[in-house]
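Below: the structure, in structure tokens.
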Amino acid sequence: MKKLFIIMCLSSFLSGFAQEKETTDFKRNEIKGNALFLVLGAAEITYERLINEDSGLGVSLFFVKEEDFDTQFSLTPYYRSYFGKKIAAGFFVEGFGMINSGNAGRYSEYDSVNQNYYTVEGKNFTDVALGFGLGAKWVQKRGFVFEINAGIGRNLFNSNSPEVVGRGGITLGYRF
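When you line the sequence shown up against mature numbering (1 follows the signal peptide of the UniProt record, and there is no 0), it's residues -18 to -1, 1 to 158, in that order.
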């Protein structure tokens, strides 16, 4: 009887330690647009999939028709780690890769004799860059997202491409 009582006590203690970690269900998809680039005449659309409460994977697509930008197109996959108290919100650090292409070295000059501008063409490039960034994200209860971020990277292969690439913006979106 004594042995049976000891076995029952030990088994009840073991079941008390076998609790599973509580998991919360949350919305894992975000679609965002860069409002800053839209004002500047460019477009950037971003999709992010949240892996867990503290990290996410995403991809940004940037394109522009204006000749004022060296980079005309970029595709940027990234990984983010969040440090806020809310789910995938607050301060974050990101690492990114970027496939970018454009026309480096294009600029306009003024001809004072003929009194007009003419364009000096640069060289077309396509390159791959690696970089990192910082930012902050705020999420409303209904799912609206506001984000500010900035990053810097370095092109790796093509000598015609700009040595340094930038990434950043003020984005608005929705989490679903």
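Glycine included, every Cβ here is placed at the ideal spot set by N, Cα and C.
- The shortest CA-to-CA distance from Phe139 to any of Glu35, Val95, Ala111 is the one to Ala111.
- Taking C-beta atoms as the reference points, Lys9 and Val127 fail to come closer than 8 Å.
- For Lys105, the pairing in a beta bridge is given by DSSP as Ala86.
- A straight-line Cα-Cα distance of about 10 Å links Lys105 and Asp52.
- Secondary structure of Phe19 (DSSP, three-state): helix.
- Note that the C-beta distance between Gly84 and Phe55 is below 8 Å.
- The beta carbon of Ala118 lies closer than 6 Å to those of Phe73, Ile130 in the same chain, with the five residues before and after it left out.
- Per DSSP, the unbroken beta strand (DSSP E) holding Gly40 starts and ends at 37 to 46.
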